[in-house]
Every structure is written in C-alpha cells, then in structure tokens.
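Undergrad:
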Amino acid sequence: MMLKHLLSTSALLLSSLALGQAVKGADVAVTSGGRAYQSYLAAPASATPRPAVILLHSFNGLEQGYRDLVDEMAAAGYVTLALGWQTFEREPSDTTVKTLVEDGLKFLGARGDVNMNAVGLTGFCAGGRYTMLLQPQLRQFKAGVAWYGFPDQGGTAAKPQAPTALIGDLGTPMLIIHGTRDVPSPVAGIYAYAQKLDAASKTFKLSVYQGEPHGFLLSGGRLTDTPASRDARRDMLAYFREWLK
Numbered sequence: 002m003m004l005k006h007l008l009s010t011s012a013l014l015l016s017s018l019a020l021g022q023a024v025k026g027a028d029v030a031v032t033s034g035g036r037a038y039q040s041y042l043a044a045p046a047s048a049t050p051r052p053a054v055i056l057l058h059s060f061n062g063l064e065q066g067y068r069d070l071v072d073e074m075a076a077a078g079y080v081t082l083a084l085g086w087q088t089f090e091r092e093p094s095d096t097t098v099k100t101l102v103e104d105g106l107k108f109l110g111a112r113g114d115v116n117m118n119a120v121g122l123t124g125f126c127a128g129g130r131y132t133m134l135l136q137p138q139l140r141q142f143k144a145g146v147a148w149y150g151f152p153d154q155g156g157t158a159a160k161p162q163a164p165t166a167l168i169g170d171l172g173t174p175m176l177i178i179h180g181t182r183d184v185p186s187p188v189a190g191i192y193a194y195a196q197k198l199d200a201a202s203k204t205f206k207l208s209v210y211q212g213e214p215h216g217f218l219l220s221g222g223r224l225t226d227t228p229a230s231r232d233a234r235r236d237m238l239a240y241f242r243e244w245l246k
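The sequence shown begins at 2 in the working numbering and counts up one residue at a time.
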C-alpha cells in the first residue's frame, strides 16, 4: 500500500508512451445476448500476438477520455477493448455485464493479434466495482486494475453480490487506485477492502492519491493532465507490464 503525495511533475511522465507504437483504433460492435454493444478497440500495428486489456468505463458512459486512454494503452503495446456496457441500459444487471465481459474475451480470442494467456481487466467507478467483482470469477484475467471502485456494493436483485464476498476466489494480482477525497466511495472502505485482501493473503497493490476526488482521471469527459492522473496511468501500465507476460 502506498499513499502518494505528488510533488514533482517532471518525474511522472508516462515513459511507456515514449515507445511510440503505431496504433489502429476503431469503433467495434461486441455481440452479447443477441445485442450489439457499441465499443471501442485499439491495437498496436503488429502481427505479433500482444497482451490485451478489457476496459470497463464509469457510470458516465464511454466518454472520449476512455477512448483516448485505450489509444494510450495500445501505444504501450496492449490490444485494448473498451466495452460499452451501457449501450442498452444505464444500469444493467451484474449478470448482463459478466456475460458481456465473457463475450468480450471471445471477441479478443477471435483476433490473431492477442495473446490470450496475457489478458487483464481494468475499470473505473462502476467499472472499478465490476473489476473487483469479475476478476475473481473469470480466471482468464491474469491481473486487474480497479479505479475508485465500490467493494461493498451489492445486496440487490440486479447486484446480488458485493466484491468483498468474492475475495476468497481472487487468484490473480489486483492494483487498486483511489483518492483520499472520494465522496461516493470513501477511502475508508478501500482501506478495509485492502485489509481483507491482506488477511486472505491475496496479491495486491494499493495506490492512494492524497487530495484526489472520485473519478480524478477524467474531467468533463476528457483525460486530465494532472500529476495524479499521469502517475496513476503509469502505475497501471507498469502493473500490467509486470503481470501480463
């Protein structure tokens, strides 16, 4: 666990983006449950199979900032698929989202440029909760990065299970990114979640950013150019680089 007091901007450059790999990004339709979910995919321009990441956007939809992030991740070497999980419903059931993610994995598996032995999952806000919830259930994911998620949210017909209930099933490493000024998902709940992960001897890393609010990666639908945003993105890419091999 680390509490990040960000003091230097110059030290926080996303070194992975200096790779400058050409990327090919496009809107794609991922079929799930007989419906075509409007999604976005970007991939390095390479015929060599690459690691891949499925990205789950926040409750505010597949905003331009997430598309730009997908492009950044592709430039760093990852075939990245942002699933538009709100295409048909603002708040679909957990079962619907799980099925969509499973179909997203099949979508990636049908491509010739994806190493399916090195696939990660990342999500933001509601997508962060889905990361915490689905990573323990879907063993195809070799690592996950949960941004300002909701580990205790559950107990309803649409969301029957809270991620905390599935800690025992988590078998792959997880990076948790959060801010100390998060109001919708107070950081105290994240510390409690981390303590439970630790008690269960799970592999995880907790990066907490002092003074940052909920959703600090985006503002007005765009990626923020702040020390916290840059450092957190670098942290995510470094984590995937370590575990998606």
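All C-beta atoms, glycine included, are put in the ideal place defined by N, C-alpha and C.
For Pro152, count the other beta carbons within 10 Å of its own beta carbon; 16 or more makes it buried, fewer makes it exposed. Which is it?
TA: Buried is the call here.
Undergrad: Quick check: the region 33–53 against the region 207–219, are at least 3 beta-carbon pairs closer than 8 Å?
TA: No: the two stretches stay apart, fewer than three of their Cβ pairs being nearer than 8 Å.
Undergrad: Could you tell me if Lys1 is buried or exposed, where buried requires 16 or more neighbouring beta carbons within 10 angstroms of its beta carbon?
TA: Lying before the first or after the last residue shown, residue 1 is absent from the chain, which here runs from 2 to 246.
Undergrad: Three-state secondary structure (DSSP) at Met237?
TA: If DSSP states are grouped into helix, strand and coil, Met237 belongs with the helices.
Undergrad: Taking only the alpha-carbon atoms, compute the straight-line gap between Ala200 and Pro164 and give it to the nearest angstrom.
TA: Distance between the alpha carbons of Ala200 and Pro164: 15 Å.
Undergrad: For Arg36, collect the residues of the same chain with a Cβ closer than 7 Å to its Cβ; drop the 5 residues on either side in sequence, then sort them by chain order.
TA: Here the set comprises Phe89.
Undergrad: I think Arg140 touches Gly172, with their Cβ atoms under 8 Å apart; what is that distance to the nearest whole Å?
TA: About 7 Å; that satisfies the 8 Å criterion.
Undergrad: For Gly222, does the count of other Cβ atoms within 10 angstroms reach 16, so buried, or fall short, so exposed?
TA: Exposed, since its Cβ has fewer than 16 Cβ neighbours within 10 Å.
Undergrad: DSSP beta-bridge partners for Ala30?
TA: Bridge partners of Ala30: Gln39.
Undergrad: Going by DSSP in three states, Phe108 sits in which element: helix, strand or coil?
TA: Helix.
Undergrad: State buried or exposed for Asp28, treating a residue as buried only when at least 16 other CB atoms are found within 10 Å of its CB.
TA: Exposed, because fewer than 16 other Cβ atoms sit within 10 Å of the Cβ of Asp28.
Undergrad: Which residues in the same chain have their Cβ closer than 7 Å to the Cβ of Ala127, if we skip the five residues on either side of it in sequence?
TA: Taken in chain order, the residues that qualify are Ser59 and Phe60.
Undergrad: I need the DSSP call for Val80, collapsed to helix, strand or coil.
TA: Three-state DSSP puts Val80 in a strand.
Undergrad: Please look up how many angstroms separate the CB atoms of Thr81 and Val54, rounded, as I've assumed it's under 8 Å.
TA: 5 Å between Cβ atoms; contact.
Undergrad: Beta-carbon within less than 7 Å of Asp170's beta-carbon, same chain only, minus the 5 sequence neighbours each way: which residues are those?
TA: Closer than 7 Å at the Cβ level, and outside the excluded window around Asp170, lie Pro137 and Gln138.
Undergrad: How big is the Cα-Cα spacing for Ala193 and Ser186?
TA: Rounded to whole angstroms, Ala193 to Ser186 spans 12 Å at the Cα level.
Undergrad: If Tyr131 sits next to Gly216, beta carbons under 8 Å apart, how far is it from one beta carbon to the other, in whole angstroms?
TA: Not confirmed; about 15 Å, so no contact.
Undergrad: In whole angstroms, what separates the C-alpha of Asp226 from that of Leu176?
TA: Each residue's Cα considered, the two are about 21 Å apart.
Undergrad: Can you give me the C-alpha to C-alpha distance between Leu198 and Pro228, rounded to a whole angstrom?
TA: One C-alpha to the other measures close to 28 Å.
Undergrad: According to DSSP, is Thr97 helix, strand or coil?
TA: Note: Thr97 maps to helix in three-state DSSP.
Undergrad: Taking DSSP as the reference, what is the three-state secondary structure of Val184?
TA: Looking at Val184 - three-state DSSP - the assignment turns out to be coil, as it is neither helix nor strand.
Undergrad: Per the contact definition of three or more C-beta pairs closer than 8 Å, is the region 59–74 in contact with the region 108–122?
TA: Result no; under three Cβ-Cβ pairs closer than 8 Å.
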